[in-house]
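Going by this note's numbering, the sequence shown opens with residue 324, and the numbers climb by one from there.
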Amino acid sequence: MRKVYLDYSATTPVKEEVVNAMIPYFTEAYGNPSSLYTAGLTAKDGVDKAREQVAALINAKPSEIFFTSCGTEADNWVLEGVADKLKSKGNHIITSKIEHHAILHTCSYLEEHGFKVTYLDVDSEGFVNPADLEAAITADTVLVSIMMVNNEIGTVEPIRELAQIAAKHGVLFHTDAVQGLGNIPIDVQELGVDFLSMSAHKIYGPKGTGALYIKQGRRLSNYMHGGAQEKKHRAGTENVAGIVGFGKAAELAAANLENHREHCTELRNYFWEKLKERVPDVSLNGPQDLAADRRHPGNLNVSFDYIEAESILLMLDMKYGISVSTGSACSSKSLEPSHVLTAAGVSIVKSNGTVRFTVGDFTTKEDIDYVVDAMSTIAAKLRELSPVAGMKGWE
Numbered sequence: 324m325r326k327v328y329l330d331y332s333a334t335t336p337v338k339e340e341v342v343n344a345m346i347p348y349f350t351e352a353y354g355n356p357s358s359l360y361t362a363g364l365t366a367k368d369g370v371d372k373a374r375e376q377v378a379a380l381i382n383a384k385p386s387e388i389f390f391t392s393c394g395t396e397a398d399n400w401v402l403e404g405v406a407d408k409l410k411s412k413g414n415h416i417i418t419s420k421i422e423h424h425a426i427l428h429t430c431s432y433l434e435e436h437g438f439k440v441t442y443l444d445v446d447s448e449g450f451v452n453p454a455d456l457e458a459a460i461t462a463d464t465v466l467v468s469i470m471m472v473n474n475e476i477g478t479v480e481p482i483r484e485l486a487q488i489a490a491k492h493g494v495l496f497h498t499d500a501v502q503g504l505g506n507i508p509i510d511v512q513e514l515g516v517d518f519l520s521m522s523a524h525k526i527y528g529p530k531g532t533g534a535l536y537i538k539q540g541r542r543l544s545n546y547m548h549g550g551a552q553e554k555k556h557r558a559g560t561e562n563v564a565g566i567v568g569f570g571k572a573a574e575l576a577a578a579n580l581e582n583h584r585e586h587c588t589e590l591r592n593y594f595w596e597k598l599k600e601r602v603p604d605v606s607l608n609g610p611q612d613l614a615a616d617r618r619h620p621g622n623l624n625v626s627f628d629y630i631e632a633e634s635i636l637l638m639l640d641m642k643y644g645i646s647v648s649t650g651s652a653c654s655s656k657s658l659e660p661s662h663v664l665t666a667a668g669v670s671i672v673k674s675n676g677t678v679r680f681t682v683g684d685f686t687t688k689e690d691i692d693y694v695v696d697a698m699s700t701i702a703a704k705l706r707e708l709s710p711v712a713g714m715k716g717w718e
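Next comes the structure, spelled out in structure tokens:
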């Protein structure tokens with residue numbers, strides 16, 4: 324059976340160059356980077372180089388990059404760290420209704436501990452209105468956290484404008500850039516953000532490694548306590564091989580950014596045109612303008628009328644060897660409707676028929692043609708079995 328992977332927003336395959344960069348840190352340069360002898364210093368050199376590579380991808384200083392275990396840890400560190408550090412100043416945080424659960428669940432935790440959280444609405448395409456942010460800021464606001472690129476519908480938020488509004492009011496600004504890193508240009512100097520979360524496995528690097536950008540001069544309470552790693556801010560022996568892999572993946576992403584964006588955008592747009600031709604009663608969720616500056620270049624979030632997404636996913640996988648998602652990978656096992664689609668005004672019925680396809684560097688035009696053929700057959704078959712197919716007012 325042919326295998327086609329179209330879930331690059333869930334995770335990416337690790338590129339060969341990344342694996343090759345990591346291997347010596349398992350077998351030869353395996354020292355503890357906190358040790359002062361040669362083996363430890365060699366490992367430390369690998370970490371330092373990776374810090375430079377990750378910093379270069381977002382135009383930051385190496386000293387502003389702090390390695391974590393994942394993007395979720397970076398998100399938690401910012402929210403809990405700011406809340407603890409600035410609790411005497413205020414107890415109000417602002418985020419949006421379409422954030423990753425790493426943000427939403429941490430905000431819920433903080434609400435249980437006396438913080439107030441404002442969840443901003445989004446429009447039908449998933450965009451936060453800057454005017455809504457301005458209106459929500461109060462004297463007690465200590466942090467605004469808005470994601471850079473939505474993981475389900477691919478919306479690219481106006482981060483620079485939102486960060487400027489926060490700065491005008493003296494409020495710290497964080498963005499979860501896990502889906503943006505390596506997919507859109509990121510310049511922290513231009514954006515004006517105070518904190519930015521990243522993850523290696525979204526950019527063809529290893530799982531289990533993330534990073535947090537902390538702007539010089541900003542302070543957070545430590546998230547993990549123990550040793551003096553990461554300039555005494557994040558304790559625990561470093562995942563040296565993972566960090567080295569993250570660095571190499573960042574270097575490749577920086578060198579390949581424009582080609583990557585062009586490749587993914589072209590395939591994604593071709594996919595959408597062919598899908599509309601072959602499968603009736605489909606609709607696109609998120610930004611309707613498929614320009615790469617408004618939408619993740621590889622994201623195609625589609626609702627199929629009259630059928631359930633889980634049935635599509637299972638048939639694509641079991642019969643055709645095609646991997647896709649019914650939402651974000653972190654919540655795809657949930658039977659609850661997508662909180663992102665709900666916030667964007669998509670009905671529960673349509674939400675239940677929604678599939679997220681995401682293309683990447685290894686996707687080919689032949690892959691897309693194969694998937695479109697499969698979807699045409701699957702949609703027709705499932706609609707034959709659907710009691711509501713073609714019914715007026717079926718929603």
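Even glycine gets a Cβ: it sits at the ideal position worked out from N, Cα and C. Just so we're clear, the structure is a prediction, and the values are computed from it rather than from any experiment.
- Between residue 451 and residue 469, the C-beta spacing is below 8 Å.
- The straight-line gap separating the alpha-carbon atoms of residue 363 and residue 559 is approximately 15 Å.
- The beta-carbon distance between residue 679 and residue 630, rounded to whole angstroms, is 15 Å. This is too long to meet the 8 Å contact definition.
- About 5 Å separates the Cβ atoms of residue 466 and residue 495, confirming a contact at the 8 Å cut-off.
- A distance below 6 Å between beta-carbons, with the five flanking residues on each side excluded, links residue 673 to the following residues of its chain, in chain order: 626.
- Rounded to the nearest whole angstrom, the CA to CA distance from residue 416 to residue 617 is 26 Å.
- By the beta-carbon neighbour count (other beta carbons within 10 angstroms, threshold 16), residue 701 is buried.
- Nearest in C-alpha terms to residue 569, of all of 414, 409, 522, 484, is 522.
- In the DSSP annotation of this structure, residue 528 is not part of any beta strand (DSSP E), being labelled neither H nor E.
- Take the alpha-carbon of residue 592 and the one of residue 505: they are about 19 Å apart.
- When DSSP reads this structure, residue 439 sits in a beta bridge with 415.
- Closest in C-alpha terms to residue 619, from the list 472, 336, 327, comes 472.
- Just measuring C-alpha positions, the residue of 383, 368, 693 sitting nearest residue 357 is 368.
- With respect to residue 542, residue 517 sits apart: the two C-beta atoms are not nearer than 8 Å.
- For residue 601, the enclosing alpha helix (DSSP H) has its first and last residue at 563-601.
- Rounded to whole angstroms, the Cβ separation of residue 598 and residue 698 is 7 Å, and the two are in contact under 8 Å.
- For residue 664, the closest alpha carbon among the candidates 422, 380, 390 is that of 422.
- In its chain, beyond the 5 residues on either side, 542, 543, 544 have a beta carbon closer than 8 Å to the beta carbon of residue 408.
- Secondary structure note for residue 687: it is in no alpha helix (DSSP H), with a DSSP letter that is neither H nor E.
- Out of 686, 438, 660, 394, the CA that lies nearest to the CA of residue 411 is found in 438.
- Taking 8 Å as the cut-off, the Cβ atoms of residue 525 and residue 563 do not count as close.
- Boundaries of the beta strand (DSSP E) around residue 499: 495-499.
- Close CB contacts of residue 549 within its chain, under the 7 Å cut and outside five residues either way in sequence, are with 558, 559 (chain order).
- In its chain, beyond the 5 residues on either side, 649, 675, 676, 677, 678 have a beta carbon closer than 7 Å to the beta carbon of residue 632.
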